[in-house]
Amino acid sequence: MAVTLIAIGRHQRRTGRSIGNPGEPVRVANALLPETPPSKGKRVAGRLYLFFGWFLLLGAVINLINGTRAARG
8 MAVTLIAIGR HQRRTGRSIG NPGEPVRVAN ALLPETPPSK GKRVAGRLYL
58 FFGWFLLLGA VINLINGTRA ARG
């Protein structure tokens, strides 16, 4: 989960678009939908995803270290 959040956060912070929106126009039936413009809100959301992803990853590393220490002693 942490790696997924980090990947989504990096994408959103870099492009300003959500992970589901492509960076080019999309053809749906006979209509051409324009690309979504980059937004500051998506960049902020990307930073939040990065924060929570690294927080979860740090917790997993700490648990792994504590588990190995407990198994030794």
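Here my numbering is used: the first residue of the sequence shown is 8, the next is one more, and so on. Even glycine gets a Cβ: it sits at the ideal position worked out from N, Cα and C.
Measuring straight from C-alpha to C-alpha, what distance separates Tyr56 and Leu71?
Distance from the CA of Tyr56 to the CA of Leu71, rounded to the nearest whole angstrom, comes to 23 Å.
One question on the structure: do Ile15 and Ile26 come within less than 7 Å of each other, judged by their Cβ atoms?
The answer is yes: Cβ separation under 7 Å.
For Lys49, count neighbouring Cβ atoms within 10 angstroms of its own Cβ and tell me buried if that reaches 16, exposed if not.
Lys49 comes out buried.
Residues in its own chain within less than 8 Å of Leu40 by CB, not counting five upstream and five downstream?
Here Leu40 has Pro32, Val33 and Arg34 as same chain residues with Cβ atoms under 8 Å from its own Cβ, once five neighbours each way along the sequence are excluded.
Below 7 Å CB to CB, which residues in the same chain sit around Pro45 once its five sequence neighbours on both sides are set aside?
Within its own chain, the residues whose Cβ lies closer than 7 Å to the Cβ of Pro45, once the five positions on either side in sequence are excluded, are Thr22, Gly23 and Arg24, listed in chain order.
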